[in-house]
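Going down the list, the protein sequences come from chains Y and B.
All the letters of the first sequence, read from the start, carry residue numbers 1 to 682 under the UniProt record's numbering.
All the letters of the second sequence, read from the start, carry residue numbers 1 to 602 under the UniProt record's numbering.
Cβ atoms here follow ideal geometry from the backbone N, Cα and C, with glycine treated the same way.
Input: a single structure, listed below in structure tokens.
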Amino acid sequence: MDDSDGAGTRVGVDVGGTFTDLVTVRDGRVRVDKTPSTPDAPEEGVLTGLGGLDAPLAEVDFLGHGTTVATNAVLEGEWADTALVTTAGFRDALEIGRQTRPDIYDFDAEKPTPVVERDRRFEVPGRVDERGEVLEPLDEDAVRALADDLPDSVDSVAVALLFSFEHPGHERRVRDLLCEAGVEASVSLSSDVLPEVREYERTLATSLNAALKPVMDDYLGSLAEAAADEGLTAPLRVMGSNGGLMAAAAARERPVNTLLSGPAAGVRGATHVAGRRGVSDLITMDMGGTSCDVSLVRDGDPLVTTDTEVGDYPVAVPTVDVHTVGAGGGSIAHVDAGGALRVGPASAGADPGPVCYGRGGTRPTVTDAHLLLGRIDPTGFLPDALGRDASAVREAFDPLADAVGGSVADAAAGVLRVANANMERALRVVSVERGYDPREFTLVAFGGAGPLHATALAGALDVPRVVVPRAAGVLSALGLLISDVTYDYATSMVRPWPDVDAATLDAKFAEFEAEGGERLRGAGHDDSEIRFERTLDLRYAGQSFDLSVPVEGEATEAELDAAVARFHDAHERRYGHAYREEPVELVTVRLRARGLVEPPDLAVDERAGDPADARVGTREVTFGAVRDTPVYYRSRLPTDAAFDGPAVVEGGESTVVVHPGQTARVDADANIVVETGGEAGA
Amino acid sequence: MREAGAGGAGGDSDGGRVDSVTLEVIRNGCEAVAEEMNGDLVRTGYSPNIKERRDCSTALFDAGGEMVAQAETMPVHLGAMPFSVAAAVEAHPPETLEPGDSVLLNDPFRGGAHLPDLTLVTPVYDRDGDLLAFAANRAHHADVGGSTAGSVAADSTEIYQEGLRIPPVKFERGTGAVDDDGLPESEVRGDVLDLVLANVRTPDERRGDLRAQTAANATGRRRFRDLADTHGATLRPALEEIKAYSERRMRAEIADLPDGIYAFSDVLDDDGRGNEDLPVEVSVTVEGDSVTVDFAGTAPQTAGPVNAVFAVTASATYYAVRCVTDPDIPPNHGCYRPIDIEAPEGTIVNPEPPAAVVGGNLETSQRVTDAVLGALAEADPEAVVAGCQGTMNNVTLGGTDPRSGTPYAFYETQGGGFGGRASGDGMDGVHVHMSNTLNTPAEVLETAYPLRVERYELRPDSGGAGEFRGGLGLRRDIEVRDHTARLSLLAERHESRPYGLAGGESGGTGAAYLFDGGNDEGSEDGGEKLPAKHTRDLPPGSVVSVRTPGGGGYGDPADRDPDAVARDVELGKLTPAAARERYGYDADDADGADPGGTDADE
């Protein structure tokens, strides 16, 4: 590939809610730019950012992009006029969903709005059984009639027929017939989008994909065109929810696979930064103004799930396993009717924001609590607004202080404890509940508020070490530079294990490899840069939930035996027990095709000096008791600087709190590494 | 420095007083344990009823047997499980329990609800060996023996016909050994397991589901002990405070209701044995910050299987009162304290043995909820919804799978219309009130059983008219493939209708039909109408078509927004004829209205 030597100019562009971040690597130098996002036309912010780089676009040879276009369309329900074609008798499956109501005690709860409304859902006769045998041929006349009935306004069509993952022929025929009938709308087939068992989840993913396709097509189309006009020749690549980049054309075809583009890029960025320091088992924590995203990375690979939610919709496509809780810097604290102190999920957001922003916020937030405890700089916060608002912050905490029966500082400490309890629960979900012991992991904290909380959370979970990356504010953009181009292929193949034929399986893998290889070679990857990862989803015969295990190389009988042994081990780790004598069943065959991207060298120059010179003062900070706490300015800290807590490190986009009893140092990449004194940890 | 849930700092252990911060931290911790238990139960369950439909629940109880946290899953289970813990402890007092033990039960007259629900209760000890809590879970097993595959027979007259009855027995026993984390090791009592498996039609599936139940409680034991390690002496007083907190909030909300005595009467269509129109009478007295619910006047216990044991009646009553209060109140024993229930003995809401009870948990529980909410509507009409479908539409099919030659028992329940609300239309096609199980995906059903789903769709016109209409019921048609299957149908509201509220009209009734010669007719014409409670053999190729009731409407239909009527017609949720009749809306006069595509089945 053109940039495989790591030279040249690489750019990662991540569009966030407020800012569009750009990280450029050119001749080994890393540069960070930020430009305001333009939510109504996100490509404008991206183009502004690209125009402001110090490198001409024509010299950029790698462009990775993280986008929230699909995510925002889902959250706002603003997408294409979409039709759905289902098997006769099943047009309402999408609307009925799993027939549950979202909250058992709340009479005002609502089901999610169907992605495709009932008057846009059409049925065609034709049935396939669970083994893929055709029981009733597809009624082609019905498809032709349906094509005539499609309103002209329909821009996109989803086709989701029963058992299409066993027999995709009917769906393909529907597509061809629609095309022959002159239907110009784009078509998404469930056998392409998510060829897996369970019709509701598959139909939903396919419908979302169809509804998003024209949106993504417009966006990436105009972005690519405008960037080309500015001289860009490098291919545009988009981060997928699975943590791999894909060609822009693939993203336009499969927008449902970009719903977690930004968070996945952040996890990738954190993984890379940690990997440079030899850490491959980590938990990431990205805490911003309204929420906190946590995920777990094992052996350098983020865990992937097929059970995630975007807005009100369960999305079953492979996605980096990011667990989100409504705890952020702007989360509002209140005392509820029973006298309990609660934090979030309501957030003051960026506007009006916390009380200390002085923009009219009056409700106490997590950020305000940090201010009261001295953890963030009382003078550094919108200095002109401060005189007015320090007292306003205390005032906002008075009712909380009454409720906890203590001082304003006690209330602030309480707010942090409750917020941390919410996040600790999330950290446990991704670690302990998945069968991983947090004591064996490093916590990598980023986002504006992450480094303020991570050191306390690590203490509570006995995580031995916290890393706050130098680029904590732009990890997602950084992740876009270093991720491999990745395509996932899968098909459900539910079979009792004894019926699984090694040769058939190997042929399936080979078929996927041919497809993935062709796609990657088409994008300029040499064979030497292409890797395939084979996995099988297995379960005990009779169970419904499966676990993925790798297949190393050719799917021989011996290798398949080894895969089953790995499954038992995985089950034991996840659930604490395995049934090694029980029959096992194959569920899904998966292949990941990776086009390797040689990461650029992000090393920073060694900085000499004395940590004392980085110390900009002392502040009273509350850690149980009030302590005189040294404050360091981050960019002045020399390489290998080491200091003990309590300490506060300021600078960049966030503040790092080092608690009493913890020690901190600056590593060769200018990351801050905090040892918590917890267990294990080398 | 351990401010995240740690007990060391922040003064949270001053002699038993628990501050509001610690309370929130520990409550979060307990809920996380209950939810993780539930996740494990679902993910390691074997029967589609548990792994796909999630017909199971988990909860944590303190050492006194009072619930402190639950995973919010099946309402009918949640309020009834405390009775299981009490019965388990009564049979096996703490001094006879050892670390590693678990107690299994399903006897409705000793802590159970109906026989298919197997409840496992596991004591949790701290590191000093002192009893700390109980982890409990309940799972609906797709067969526990008895007269009919699936053990939801519609024609039983005694509990002896309904399946294997398990009083509280030790199912697991501590071996005395502990693992690396100091947690007790357990072994299942082989003789008890054998006894259970010998009495059921699908023993392999039962073994798998029971294993999931023991695994879930093992998770609860491990995680709750972790909480104890973290919080030490603060934990016990915190559990008390968690309950007191919910009680305070419940009482505050009840105090906001106007004092008074509110009466309501609803009816069960029949008991499956020819006894019809069984009244459920309720009188709800709101006095200050407490509520008394009295079922005097309710029908005497009856021959057919619709008798609801007291635990079920209590669960349904708790749920109904809970729903008129703030949904944010953490559900635990404290929520129950302000509620007194009087259910006369020998009635369908508190029967004596050997009454048949399987449908009490499934159907009568819904009617109890309808009646209590109907009474509360008088106190605060905006806080309640119009009548919901009022049934779970239980369908059981069993036989021998011709593909494998092995017996199967398939059980599922079906959603229907939710009642109209002051805030909007009722939800279409959902489980209501005492149930919230998922459906079985057609692809999972057809893979697991020799059955085929022919249709699964909303029923136009089934929602009661109102300013906010009732939700639509469902139609689900299932074909029997290449074998003879035994059907057991247990449903309600085929005669009576879910009530409307505040001037809204009643919801549509449910129905069931049998097609003997395939289902190509496309409507019920030619189909045989089936009773709501019915057991019979279905020949190969026949199709059973279950239509579920719609919800009642809320508010005067004349006040409905004409655009909402037009939209329902456009979507085919309302036929033009019904639009005209109920709302005076003429689709032909409206621009662009397209009545095509509707497929009214009434």
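Chain B contact for residue i (CB, 8 Å cutoff)
i: Thr100(Y); result: yes
i: Val304(Y); result: no
i: Phe163(Y); result: yes
i: Ser544(Y); result: yes
i: Ala603(Y); result: no
i: Ala664(Y); result: no
i: Gly450(Y); result: no
i: Asp321(Y); result: no
i: Glu117(Y); result: yes
i: Glu675(Y); result: no
Cross-chain neighbours of residue i in chain Y, by beta carbon under 7 Å
i: Pro441(B); result: Arg198, Glu199 and Tyr200
i: Pro75(B); result: Ile104
i: residue 603(B); result: Since the displayed chain B opens at 1 and closes at 602, residue 603(B) lies outside it and no answer follows.
Supposed close pair residue i, residue j - CB separation, criterion 8 Å
i: Gly416(B); j: Gly473(B); result: 4 Å
i: Asp484(Y); j: Ala234(Y); result: Actually they do not touch by this definition, with Cβ atoms about 16 Å apart.
i: Gly390(B); j: Arg222(B); result: Not a contact, Cβ separation roughly 41 Å.
i: Leu150(Y); j: Ala83(Y); result: 6 Å
i: Ala421(Y); j: Leu373(Y); result: Ala421(Y) to Leu373(Y), Cβ: 17 Å. No contact.
Contact list for residue i against chain B, beta-carbon separation under 8 Å
i: Gly338(Y); result: Tyr245, Ser246, Arg248, Arg249, Ala252 and Ile329
i: Thr494(Y); result: Looking at the sequence provided, one finds Val at residue 494(Y) rather than Thr. What Val494(Y) touches in chain B: Thr447.
i: Val404(Y); result: Asp19, Ser20 and Val21
i: Phe428(Y); result: The question names Phe, but residue 428(Y) is Arg in the sequence shown. Within 8 Å Cβ-Cβ: Ala32.
Residues that residue i contacts on chain Y, provided the C-beta gap is smaller than 9 Å
i: Asp428(B); result: Asp92, Glu95, Ile96 and Lys111
i: Asn28(B); result: Val418, Ala421, Asn422, Glu424 and Arg425
i: Phe310(B); result: Within 9 Å Cβ-Cβ: nothing; Phe310(B) doesn't reach chain Y, min ~22 Å.
i: Cys554(B); result: It should be noted that the sequence gives Tyr, not Cys, for residue 554(B). The premise fails here: Tyr554(B) is roughly 11 Å from chain Y at the closest Cβ pair, so nothing lies under 9 Å.
Residue-chain proximity (residue i, chain Y), Cβ-Cβ < 8 Å
i: Arg2(B); result: At Arg2(B) the pLDDT is 34, less than 50, meaning the model places this residue with poor confidence; the figure from the coordinates comes in the next sentence. Arg2(B) counts as touching chain Y.
i: Leu474(B); result: yes
i: residue 629(B); result: The shown model of chain B, from 1 to 602, leaves out residue 629(B), and the question about it has no answer.
i: Arg547(B); result: no
i: Glu52(B); result: yes
i: Arg367(B); result: no
i: Cys56(B); result: no
i: Asn436(B); result: yes
i: Gly189(B); result: Residue 189(B) is actually Arg in this sequence, not Gly. No, no contact with chain Y.
i: Asp40(B); result: yes
i: Leu538(B); result: no
i: Leu197(B); result: no
Partners in chain B for residue i, counting only beta-carbon separations shorter than 7 Å
i: Gly344(Y); result: In chain order: nothing, as chain B lies at least about 11 Å away.
i: Leu341(Y); result: Ser20, Val21 and Glu24
i: Tyr313(Y); result: Per Cβ cutoff of 7 Å: no residues; Tyr313(Y) is ~16 Å from chain B at best.
i: Asp108(Y); result: Arg421 and Ser423
Strand pairing of residue i, partner residues [DSSP]
i: Ala136(B); result: Ala59(B) and Val121(B)
i: residue 717(Y); result: Only positions 1 to 682 of chain Y appear in the structure, and residue 717(Y) is not among them; the question remains open.
i: Met67(B); result: Phe61(B)
i: Val238(Y); result: His65(Y) and Met246(Y)
i: Ala198(B); result: Answer by DSSP bridge pairing: none, since Ala198(B) is not bridged.
i: Ser156(B); result: BP columns for Ser156(B) are empty, so no partner.
i: Arg127(Y); result: Glu136(Y)
Contacts that residue i makes with chain B (C-beta to C-beta distance below 9 Å)
i: Arg580(Y); result: Neighbours of Arg580(Y) on chain B: none; closest Cβ ~14 Å, over 9 Å.
Secondary structure, beta strand (DSSP E): runs of 3+ residues fully inside the segment 328-360 of chain Y | As for any beta strand (DSSP E) of minimum length 3 sitting wholly inside the segment 328-360 of chain Y, the runs are 331-335 and 341-347, ordered along the chain.
Unbroken stretches of the beta strand (DSSP E), 3 residues or longer, contained in the segment 459-536 of chain Y | Within the segment 459-536 of chain Y, complete beta strand (DSSP E) segments of at least 3 residues are found at 465-468 and 485-496, given in chain order.
Would you list, in sequence order, the uninterrupted beta strand (DSSP E) runs of no fewer than 3 residues that lie entirely inside the segment 222-283 of chain B?
-> Listed in chain order, the beta strand (DSSP E) runs fully inside the segment 222-283 of chain B are 260-270, counting runs of at least 3 residues.
Every unbroken alpha helix (DSSP H) within the segment 528-592 of chain Y, with a cutoff of 4 residues, ordered by chain = List check, alpha helix (DSSP H) in window: 557-575.
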